[in-house]
Amino acid sequence: MKSCFRIDGDKIRLEIKAVPGASKTEFAGIKDDRLRIRLAAAPEDGKANTEMLNFLSKALGCPKRDLQFLSGEKSRLKSVAIPFERKPQLEKILVIYN
24 MKSCFRIDGD KIRLEIKAVP GASKTEFAGI KDDRLRIRLA AAPEDGKANT
74 EMLNFLSKAL GCPKRDLQFL SGEKSRLKSV AIPFERKPQL EKILVIYN
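Structure representation (structure tokens):
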């Protein structure tokens, strides 16, 4: 399995490629060691970032406040910190979309 995340202390660093402007928000596989997420939001005024955090929080079953951008807020290539306790949920997602 390709790895798009790594353990960083009590957090998981998830590497993401955001694809804004899609017809619906969904996972779109793993490519180049990044989880691709299609976003039904435009990349303006932080709308795509908000959509991505909302989507990830639902998929991982954690509050949005527990997710944090580590890099890439103004880029398609992003890193997001996720609580370590959500590793089982993340691994289930990765098995499905890998």
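Just so it is clear: in the sequence shown, position 36 is 59 by our numbering, and no numbers are missing. Heads up, the beta-carbon is just placed ideally off N, CA and C, and yes, glycines get one too.
- Ser80: not part of any beta strand (DSSP E); member of the alpha helix (DSSP H) spanning Lys70 to Leu83, first to last residue.
- Going by DSSP, Glu38 is part of the beta strand (DSSP E) stretching over Lys34 to Pro43.
- Taking the Cα positions, Phe28 is about 6 Å away from Glu38.
- Exclusion of the five residues before and after Ile35 leaves Phe28, Arg29, Ala104, Ile105, Pro106, Phe107, Arg109, Lys110 and Leu113 as the residues of its chain whose Cβ lies within less than 8 Å of its Cβ.
- In the DSSP assignment, no residue is bridged to Arg88.
- For Asn121, the number of other beta carbons within 10 angstroms of its own is below 16, and it is reported as exposed.
- DSSP places Lys47 in no alpha helix (DSSP H); its state is neither H nor E.
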